[in-house]
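Residue numbers (the numbering used here), protein chains in the order written: chain A, 63 to 248; chain B, 918 to 1162. All residues carry an ideal CB built from backbone N, CA and C; glycine is no exception.
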Amino acid sequence: MPATSPAERDELNRLLQRTAAGDERAFAELYRRTSPRLFGVCVRVMNDRDEAEEVLQEAFVTVWKRAGSFDPALASAVTWLMTVARNKAIDRLRQRPDMRQQHDVDFDAMIDDTPGPAHDAENDEEYRRLRACLSELEQQQRRSIREAFFGGATYNELAERAKVPLGTMKSWIRRGLLQLRACLNP
Amino acid sequence: MNSTFEADKDNLRYAEYVLGLLDADARAAVAREIETSPEAAAAVALWQRHLTPLALEIADEVPPPHVWAAIRRRLRFDAPAEQPRTSVWDNVALWRWLGLGATAVAACLLVLTVTRPTTKVAPPVVTAPSGPTTLMVSTIAGESGVAGWTATMDIDRSELLVVPASPDAVASDRNTELWLIPEGGKPISVGVFPPTDPKRFHLEKALLDRLGPTAALAVSLEPVGGSPTGQPTGPVIAKGAIRAA
Chain A
63 MPATSPAERD
73 ELNRLLQRTA
83 AGDERAFAEL
93 YRRTSPRLFG
103 VCVRVMNDRD
113 EAEEVLQEAF
123 VTVWKRAGSF
133 DPALASAVTW
143 LMTVARNKAI
153 DRLRQRPDMR
163 QQHDVDFDAM
173 IDDTPGPAHD
183 AENDEEYRRL
193 RACLSELEQQ
203 QRRSIREAFF
213 GGATYNELAE
223 RAKVPLGTMK
233 SWIRRGLLQL
243 RACLNP
Chain B
918 MNSTFEADKD
928 NLRYAEYVLG
938 LLDADARAAV
948 AREIETSPEA
958 AAAVALWQRH
968 LTPLALEIAD
978 EVPPPHVWAA
988 IRRRLRFDAP
998 AEQPRTSVWD
1008 NVALWRWLGL
1018 GATAVAACLL
1028 VLTVTRPTTK
1038 VAPPVVTAPS
1048 GPTTLMVSTI
1058 AGESGVAGWT
1068 ATMDIDRSEL
1078 LVVPASPDAV
1088 ASDRNTELWL
1098 IPEGGKPISV
1108 GVFPPTDPKR
1118 FHLEKALLDR
1128 LGPTAALAVS
1138 LEPVGGSPTG
1148 QPTGPVIAKG
1158 AIRAA
């Protein structure tokens, strides 16, 4: 998805706040502008378009009902919306263990360590920082963290996919997260 | 108090929650912590801010139109997406203009009469024809004359919308409370509202009946949760007359 310019960020924050005030038009505009990003994430996590449509629906119903809890001091509207959508997707994966089978793809093939040229993600300041910090991790750590984020997989599933013991996977990710935290909160 | 080790363990658990690594039970436990502990909520929010930018790498996908239709259906919005409601009440441009006008003209009063498109089907027993909608407007300004908020009342819908113009900063241990003051009467509480966000109130009939050109609106500073006595207890920081067309 394309990065968000500061002006667009403000505009989306405003639309989300107006949604909190019960403004259906602001909500419709918010949907129009953010649903492609959110749907992209839903499709990636669910790996199934029908399921992703369900998740997107639930996410926006929740957005309408809970927009009042959005606090622009804590997160941007995009981050807040993305969090709602990812939470819905991951909750659904946990309720439907049968969904996992479809996710059983080759660990190495699935991991894309570099963003595609179609995205101007590099423009986003926070993304640049995250990427710089991720690049300092060992490859196993970085790959596992990325795979967890994009696939919503549990430790067990990740360990199976990478064909390593559960303890190894946990230690890769936890050490990676601690290192990432130190790098991101200097 | 948590030892550093335990704090680290909690913090890792929050990161694992954000990544999506936890099983259903552990996820539910963190979700409960977020609701009850501000520290947990802040730690989770920080990880979300750190990690969510990864989603930038995922290509956009436009969802099929039936998803939006289903969302509207589930939320019971009255009109389908193809025929958006065209009421002035929902007109973003109008609100933007009102906010702008309020800042610029300070204590000036804005009076508007607008005709709502007659989209509703008349009931079998017609009592009143759907005529023009009267919006009553009030600019709620401080002593300096700078508009803090603009309030608009839609009588037909029994609603009042208060929109910030240039509100002064409010201490975090104070709430702003909106009052309706009928001429020669005691203030009636409309409710507590966030000073920097738009807020929509439903107006009870008792309030509606007293709304009119002789009434005024006022904002006072109250303890968190609003006045404990039912009457303003703190200083009135802004007020404005109500005008109807």
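Chain-ordered chain A contacts of residue i [CB-CB under 8 Å]
i: W1066(B); result: Near W1066(B) there are no residues of chain A at all, since even the closest Cβ is about 13 Å away, more than 8 Å.
i: Q944(B); result: Checking the sequence, you will find Arg at residue 944(B) rather than Gln. Here the neighbours are I152, D153, R156.
i: R949(B); result: Within 8 Å Cβ-Cβ: nothing; R949(B) doesn't reach chain A, min ~14 Å.
i: R991(B); result: Q119, V123
i: I1057(B); result: Result: empty, since nearest Cβ-Cβ is about 17 Å, beyond 8 Å.
i: L929(B); result: R236, L239, L240
Residue i at chain B interface by Cβ criterion, 8 Å
i: L78(A); result: no
i: Q119(A); result: yes
i: G229(A); result: no
i: R106(A); result: yes
i: A139(A); result: no
i: R208(A); result: yes
i: E222(A); result: no
i: E73(A); result: no
i: E70(A); result: no
i: S67(A); result: no
Closer than 8 Å at the beta carbon, the chain B residues around residue i
i: S28(A); result: Residue 28(A) lies beyond the range of chain A shown here (63 to 248); nothing can be said about it.
i: L246(A); result: H967
i: V103(A); result: A972, I975
Neighbour flag for residue i against chain A, beta carbons, 8 Å
i: L938(B); result: yes
i: F922(B); result: no
i: T1093(B); result: no
i: A1023(B); result: Low local confidence applies: a pLDDT of 36 at A1023(B) is under 50, so the model's placement there is unreliable, and no value is given.
i: L971(B); result: yes
i: I1159(B); result: no
i: A1098(B); result: Looking at the sequence provided, one finds Ile at residue 1098(B) rather than Ala. No, because no Cβ of chain A sits closer than 8 Å to the Cβ of I1098(B).
i: G1018(B); result: Because G1018(B) carries a pLDDT of 47, less than 50, the predicted location of this residue cannot be relied on, and the following value inherits that uncertainty. Taking Cβ atoms only, chain A never reaches closer than 8 Å to G1018(B), which makes this a no.
Chain B contact residues for residue i, given Cβ-Cβ distances below 9 Å
i: L136(A); result: A958, A959, A962, L963, Q965, R966
i: T81(A); result: Under the 9 Å cutoff, chain B gives no residues; its nearest Cβ is about 10 Å from T81(A).
i: E115(A); result: P980, P981, H983, V984, A987
Same chain, Cβ closer than 6 Å to residue i, neighbours up to 5 away in sequence not counted
i: V961(B); result: Y931, I951
i: G1151(B); result: S1137, L1138, E1139
i: W142(A); result: F132
i: A1155(B); result: I1057, A1058, G1059, G1065, V1136
Contact set between residue i and chain B, taken where Cβ atoms lie within less than 7 Å
i: W234(A); result: Under the 7 Å cutoff, chain B gives no residues; its nearest Cβ is about 12 Å from W234(A).
i: V146(A); result: Those within 7 Å of V146(A) in chain B number zero; the least Cβ separation is about 10 Å.
N- and C-terminal bounds of the alpha helix (DSSP H) containing residue i
i: R930(B); result: 921–936
i: K225(A); result: Careful: K225(A) lies outside any alpha helix (DSSP H) and carries neither H nor E.
i: G1157(B); result: First-last for G1157(B): 1153–1158, but that is the beta strand (DSSP E), not the alpha helix (DSSP H).
i: F101(A); result: 86–108
i: F5(A); result: Because residue 5(A) is not part of the residues shown, which for chain A are 63 to 248, the question remains open.
i: F122(A); result: 111–128
Cutoff 7 Å; reference residue i; Cβ partners in own chain excluding five residues on either side
i: E1100(B); result: T1131, A1132
i: M144(A); result: L100, V103
i: T1044(B); result: The predicted position of T1044(B) is uncertain, since its pLDDT is 37 and thus under 50; a value taken from the coordinates is nonetheless stated next. Counting only Cβ-Cβ distances below 7 Å, and skipping sequence neighbours, we find nothing.
i: S1083(B); result: T1020, V1063, A1064, G1065
i: E120(A); result: K150
i: Y934(B); result: R944, V947, V961
i: L1095(B); result: V1079, V1107, G1108, F1110, L1134, V1136
i: A129(A); result: L78, T81, A82
Delimiting residues of the beta strand (DSSP E) encompassing residue i
i: S1106(B); result: 1105–1110
i: A941(B); result: Premise fails: A941(B) lies in the alpha helix (DSSP H), 941–953, not in any beta strand (DSSP E).
i: P982(B); result: No beta strand (DSSP E) holds P982(B); the alpha helix (DSSP H) holding it covers 982–991.
i: V1136(B); result: 1133–1140
i: R1091(B); result: 1091–1098
i: L1078(B); result: 1076–1081
i: A1064(B); result: 1064–1071
i: F1118(B); result: 1116–1119
Close Cβ partners of residue i (< 8 Å) along its chain, the five nearest in sequence each way excluded
i: I152(A); result: V107, G214
i: L196(A); result: R204, I207, R208, L242
i: R71(A); result: S138, A139, V140
Cross-chain neighbours of residue i in chain A, by beta carbon under 9 Å
i: I1072(B); result: Chain A residues near I1072(B): none, gap ~18 Å exceeds 9 Å.
i: A941(B); result: D153, R156, Q157
Contacts that residue i makes with chain A (C-beta to C-beta distance below 7 Å)
i: A932(B); result: L239
- [ ] Below 8 Å between beta carbons is the criterion; list the residues of the segment 1102–1124 of chain B that meet it against any residue of chain A, in chain order.
- [x] D1114, P1115, K1116, R1117
Open item on the list: For the segment 182–201 of chain A, list every residue whose C-beta sits within 7 Å of some C-beta in chain B, in sequence order.
Closed with: A183, D186, E188, Y189, L192
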